[in-house]
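Have a look at the structure below, then the notes.
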Amino acid sequence: MVQKKLPLFIKFIVIAILFVGNGFAYSQSEGLKTNIVNGANFLDTQGNVINAHGGGILKVDGFYYWIGENRHDDVLVSCYRSADLVHWEFRGNLLTRSSNPELANANIERPKVIYNETTKQFVMWMHYELSRDYSYARAAVAYSSNIEKPFTYLKSFRPFGNMSRDCTLYKDEDGTAYFLSAARENYDMMLYKLTDDYLDTKEQLATLWPGGHREAPALVKRGEYYFLMTSGCTGWAPNQAKYAYSKSISGPWSELQDIGNTTTFDTQSTFILPIEGNKTTSYLYIGDRWDGKQYFNSKNIFLPLTFQNDTEMELNWVGTLLPNILTGELLTP
Ligand code: DGJ
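Position in the sequence shown counted from 1, then plus 5, gives you my numbering.
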């Protein structure tokens, strides 16, 4: 039998495929994913489940920082860092029950962080409740000069006397910052302008969809339009997300319109991250797939938000996702 010799470049391709294939299998078994796998636990680089629910992501010095809820032991807010949005390294706890006497018995939800260029401080806003009591309904504020180091807890309060539950922070292109939170037993979504140092509310700007009963706000700007995504109020159970758009953050906003499927793919919105690359800008939806009975069984879900035109936003399910932070593309391997 005559054995045909394989050309060298084909041999190289075969070896490369085997190598990459083994690499995938190896890393999957180690729990270190080569892309985002929705529905699975997201693990940090040490193989521990990531605790960053209700959180947000911001880019600092070339790294993405993911900051969110951690309810383990006396921890309240944790920080992870990634260069590629897939591999996350635990960097530390930013708030714990011992950070301040007011936190000893607190329940902290949906922490979000932005950077103040003038004061050179990272500022965190969050939803503050007393443990197992959901009637306190306050906003809380903390700050730090280093995003990875413990934050100094400042205070909790009700902005302009309003209840304040599910919330988000938004820093606009001109440096003006806004806080949105659910008020009046979650019937109203309030929009506040922050003071120049971002440590307080300065102005109550608008009541969005009064009586609309919306929570889980996530705000992003694309082109000339702001997009605000929210969920209905059904506790831990998922429901139909809706979004609205506006050319001005204080409105008028469009009517609320459905996005995703009737359960938002079994998630609740927490954040939208624009990924600006040299080819395009993509929009990453970050949702929580809550397990209301076993909080620690909750998952994080990353999905692409896409746009049909200037005002039509879509959310589709993908099982796997690979952000390319250089080109800005969200690939679905
Ligand atoms: C829905 C909120 O969005 C979550 O952050 C959490 O507060 C649950 N409700 C609690 O039921």
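Glycine residues also receive a C-beta, built at the ideal position from the N, C-alpha and C atoms.
On a predicted model such as this, the values are computed, not experimentally measured, just so you know.
Taking all protein chains shown into account, Pro-164 has 16 or more neighbouring C-beta atoms within 10 Å of its C-beta and is therefore buried. Measuring C-alpha to C-alpha distances from Gly-217 to each of Ala-88, Ile-119, Ala-246 identifies Ala-246 as the nearest. For Cys-172, the closest alpha carbon among the candidates Tyr-288, Gly-324, Gln-273, Asn-110 is that of Gln-273. Within the same chain, Asn-167, Met-168, Ser-169, Met-195 come within 7 Å of Ala-188 by CB-CB distance, once the 5 residues on both sides are set aside. Straight across, the Cα-Cα distance linking Asn-75 with Trp-130 is about 15 Å.
The beta carbon of Asn-121 sits closer than 7 Å to those of Val-128, Asp-202, Tyr-203, all from its chain and outside the five residues before and after it, given in chain order. Gly-73 carries a strand assignment under DSSP once its states are collapsed to helix, strand and coil. Boundaries of the beta strand (DSSP E) around Asn-98: 94-101.
In the three-state reduction of the DSSP assignment, Tyr-300 falls in the helix class. Only residues of its own chain outside the window of five on either side were considered, and among them Asn-191, His-218, Glu-220 have a CB closer than 6 Å to the CB of Cys-238, listed in chain order.
Rounded to the nearest angstrom, the Cβ distance from Gly-228 to Asp-315 is 6 Å, consistent with a contact under 8 Å.
In its chain, beyond the 5 residues on either side, Cys-84, Arg-96, Gly-97 have a beta carbon closer than 6 Å to the beta carbon of Glu-153.
Secondary structure of Pro-116 (DSSP, three-state): strand. Looking from the CA of Ile-55, the closest CA among Asp-138, Phe-68, Val-82 belongs to Val-82. Pairing Ala-45 with Ile-119 gives a Cβ-Cβ distance that is not under 9 Å.
Judged by DSSP in its simplified three-state form, Leu-108 adopts helix. Set against 8 Å, the gap from the CB of Gly-73 to the closest heavy atom of the ligand DGJ is not smaller. Residue pairing from DSSP places Cys-84 in a beta bridge opposite Ile-72, Gly-97. At a Cβ-Cβ threshold of 9 Å, Met-234 and Pro-222 count as neighbours.
Around the Cβ of Gly-73, a 10 Å sphere holds 16 or more other Cβ atoms; the residue is buried. Of the candidates Gly-52, Gly-59, Ile-41, Thr-50, the residue whose Cα lies closest to the Cα of Trp-241 is Gly-59.
Non-local beta-carbon contacts of Pro-243 in its own chain, meaning distances under 7 Å to residues more than five positions away in sequence, involve Thr-268, Thr-269, Asp-271, Thr-272, Gln-273 in chain order. The beta carbon of Leu-108 is closer than 8 Å to those of Leu-81, Leu-100, Thr-101, Arg-102, Tyr-158 in its chain, skipping five residues each way along the sequence. Counting the other CB atoms within 10 Å of its CB gives Ser-140 a total below 16, which places it among the exposed residues. Annotation for Cys-238 indicates a beta carbon within 8 Å of some heavy atom of the ligand DGJ. Ranked by how close their Cα comes to the Cα of Ser-87, the residues Pro-279, Ile-62, Asn-43 have Ile-62 in first place. Shortest gap from the CB of Glu-190 to any heavy atom of the ligand DGJ: 8 Å or more.
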